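Same order as they appear, the protein sequences are chains A and B. Start counting the first sequence at 75; every next residue gets the next number (this note's numbering). Start counting the second sequence at 75; every next residue gets the next number (this note's numbering). By construction, the Cβ of each residue, glycine as well, lies at the ideal position given by its N, Cα and C atoms. Nothing here was measured: the structure is a model prediction, and the numbers come from that model.
Protein chains: 2
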Amino acid sequence: MIIEIDFNSDEALYLQVRNQIILGIATAQYREGDSLPSVRQLAEDIGINMHTVNKAYTVLRQEGYVKVDRRKGAVIALDVDSMQAREELKRELKVILARSFCKNISVGEIHGLIDEIYGEYT
Amino acid sequence: MIIEIDFNSDEALYLQVRNQIILGIATAQYREGDSLPSVRQLAEDIGINMHTVNKAYTVLRQEGYVKVDRRKGAVIALDVDSMQAREELKRELKVILARSFCKNISVGEIHGLIDEIYGEYT
DNA sequence: CGACTGTTATATTATGTATATAACAGAAGT
DNA sequence: ACTTCTGTTATATACATAATATAACAGTCG
Numbered sequence: 075m076i077i078e079i080d081f082n083s084d085e086a087l088y089l090q091v092r093n094q095i096i097l098g099i100a101t102a103q104y105r106e107g108d109s110l111p112s113v114r115q116l117a118e119d120i121g122i123n124m125h126t127v128n129k130a131y132t133v134l135r136q137e138g139y140v141k142v143d144r145r146k147g148a149v150i151a152l153d154v155d156s157m158q159a160r161e162e163l164k165r166e167l168k169v170i171l172a173r174s175f176c177k178n179i180s181v182g183e184i185h186g187l188i189d190e191i192y193g194e195y196t
Numbered sequence: 075m076i077i078e079i080d081f082n083s084d085e086a087l088y089l090q091v092r093n094q095i096i097l098g099i100a101t102a103q104y105r106e107g108d109s110l111p112s113v114r115q116l117a118e119d120i121g122i123n124m125h126t127v128n129k130a131y132t133v134l135r136q137e138g139y140v141k142v143d144r145r146k147g148a149v150i151a152l153d154v155d156s157m158q159a160r161e162e163l164k165r166e167l168k169v170i171l172a173r174s175f176c177k178n179i180s181v182g183e184i185h186g187l188i189d190e191i192y193g194e195y196t
């Protein structure tokens, strides 16, 4: 899978890596049991430091997206903790939807947008 | 309106202030034309530095939520740039929904959550 | 043994956040 | 006029995070 880094973004590099891997899982480019590239390999591929990739992997492990095996490296392994995920989702949506409301984006448009995005995740 | 700061949060103070003011607008606690407290007053009320509040106000102005009047201070004035707001919304939703998808949260649940939150904004 | 894993340690640089103190220019009220 | 309140700007400091660099360690595998 191709991971692209935007060096002009204000988003931290390790978060860009984390987010793209999560997107890769949602779009089935990564599947349960698949191995991620080694920290050194991925770092070399996208032109960043090894420790930055390692931090992304560490976060992915803490958040329950991968498990780390000394032999196989980082392996996709989803730990479904719906309760915590729901709380985070609700907290983030509150702010995002308040912004959307102030910008006159209707509920209908948001529902449509959700269906559009979610439709690509299978 | 009461603005509460969580000093244990990993979210920047000025972003907490910004988000709570946006939530205040969405919940009609602030209305078009209302004046926000002065930077010095609000800073004193919530126990943070004047410049931190000033940064929050500056961001709110850049994002089109307030206009700053030398006489009246910061005044709620919504600048509706739907195009940019939509793009931001879509970009943020992609990651959030990918996370939700990995955590087995269904589309139906998300639609319900959206209606629940949006219902409080009027 | 050699080459590969993740992991840990240490150090350095850069950036963003938050604070403190100070001063300026414009507007408002007395 | 004088004082007091606005936002704004400038400078400096302290701190945390992010990112890099170099190095070493302990397992795993062919």
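- Distance from the Cα of I191/A is smallest, within the candidate group R105/B, K164/B, S180/B, for K164/B.
- The C-beta of Y88/B comes no closer than 8 angstroms to any C-beta of chain A.
- With respect to M75/B, Q103/B sits close: the two C-beta atoms are nearer than 8 angstroms.
- A straight line joining the alpha-carbon of K129/B with that of G147/A spans about 43 angstroms.
- With respect to chain A, the C-beta atom of S109/B has no partner C-beta closer than 8 angstroms.
- Contact between the stretch 169 to 187 of chain B and the stretch 94 to 103 of chain A is present, with at least three C-beta pairs closer than 8 angstroms.
- Taking a Cβ-Cβ threshold of 7 angstroms, the residues of chain A close to A100/B are A172, F175, C176, in chain order.
- Contact annotation: in the stretch 121 to 149 of chain B, residues whose CB is within less than 9 angstroms of a CB in chain A are E137, G138, Y139.
- Separation of the CB atoms of V133/B and R92/B is rounded to 5 angstroms, and the pair is thereby assigned contact status at 8 angstroms.
- Cβ-Cβ distances below 7 angstroms link G107/A to V149, I150 in the same chain, with the five nearest sequence neighbours on each side left out; the list follows chain order.
- Residue pairing by DSSP places A148/A opposite V142/A in a beta bridge.
- Here the alpha carbons of T126/A and K168/A stand approximately 30 angstroms from one another.
- Taking C-alpha positions only, K177/A is separated from R160/B by approximately 9 angstroms.
- Separation of the CB atoms of V113/A and Y139/A is rounded to 15 angstroms, and the pair is thereby denied contact status at 8 angstroms.
- Taking C-beta separations shorter than 8 angstroms and ignoring five residues to either side along the sequence, the partners of D143/A in its chain run V149, following chain order.
- In the structure shown, S109/A falls within a strand segment according to DSSP collapsed to helix, strand and coil.
- Burial check for Q94/A: the Cβ neighbour count within 10 Å reaches 16 or more, so the residue is buried.
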